[in-house]
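Undergrad: One structure follows; several queries about it will come next.
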Amino acid sequence: MTGSQETGRLFGRRTVVAAVGAAGVAAALTACGGSDSDSPAGTAAEKPAGGGGEAGGSGGGGAGAGAVLAKTADIPEGGGKVFADKGLVVTQPTAGQFKAFSSKCTHQGCAVKDVANGMINCPCHGSMFDATDGSVKGGPAKAPLPAAAIKVEGDSITLA
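Spelled out as structure tokens, the structure:
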């Protein structure tokens, strides 16, 4: 069959092959540009830190500045607590000293899991961050956790 005999066809073979190739490239670019998480879709490790930008600094949804995050008694001395819904981890390195950091690991964007023995721990690849200043203490992460702004007023910890 020649090109002149194909008048009834809607798309030629080259058009279909090109469209499939373009769709494949688009899918690959989407996969590369999405979450850096190695976890399955929908898990806590894939939720973005910053939860709307309260303490991280961009955009806004959810509770904003001034919203009570926790009571000081909720944050153990020498430990901390991860607020996955806010994209924050709050620590109390020494009595009465409270710090906050993004809960998004700087290695591949997983959500940190917990704070133990003065370390903020990422479950994805084992990165560990100092609970005092967010600096990297172990694992594949190279950059520290970004600090977040909080205020302690009485026994309440609020987003600044």
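In this note's numbering, the protein residues as written are 347 to 506. The C-beta atom is built at its ideal place from N, Cα and C for all residues, glycine as well.
Tell me whether the beta-carbon of Met474 lies closer than 7 Å to the beta-carbon of Lys488.
TA: No; because the gap between Cβ atoms is not below 7 Å, this pair is not in contact.
Undergrad: If contacts are defined as beta-carbon pairs under 8 Å, then Leu505 and Ala413 qualify, I think. What distance do you get, rounded to the angstrom?
TA: Going by Cβ atoms, the distance from Leu505 to Ala413 rounds to 5 Å, so yes, they are a contact pair.
Undergrad: I need the straight-line Cα distance from Thr440 to Leu434, nearest angstrom please.
TA: 19 Å
Undergrad: Among residues of its own chain, excluding the 5 on either side of Gly472, which ones have a beta-carbon nearer than 8 Å to its beta-carbon?
TA: Gly484, Gly485, Pro486
Undergrad: Distance check for Gly358 and Ser454, CA to CA, integer angstroms please.
TA: Per the sequence shown, the amino acid found at residue 454 is Gln instead of Ser. Roughly 43 Å between the two C-alpha positions.
Undergrad: Closer than 6 Å by C-beta to Ser449: which residues in its own chain qualify, once you throw out the five before and the five after it? Chain order, please.
TA: Correct list, in chain order: Ala395, Val428, Gly433, Leu434, Val435, Ala457, Val458.
Undergrad: Where Asp501 and Pro469 are concerned, what is the direct C-alpha to C-alpha distance, given to the nearest angstrom?
TA: Taking the straight line from one Cα to the other gives about 30 Å.
Undergrad: Return yes when the Cβ of Ala477 is within less than 7 Å of the Cβ of Gly464, no when it is not.
TA: Yes, these two residues count as a Cβ contact at 7 Å.
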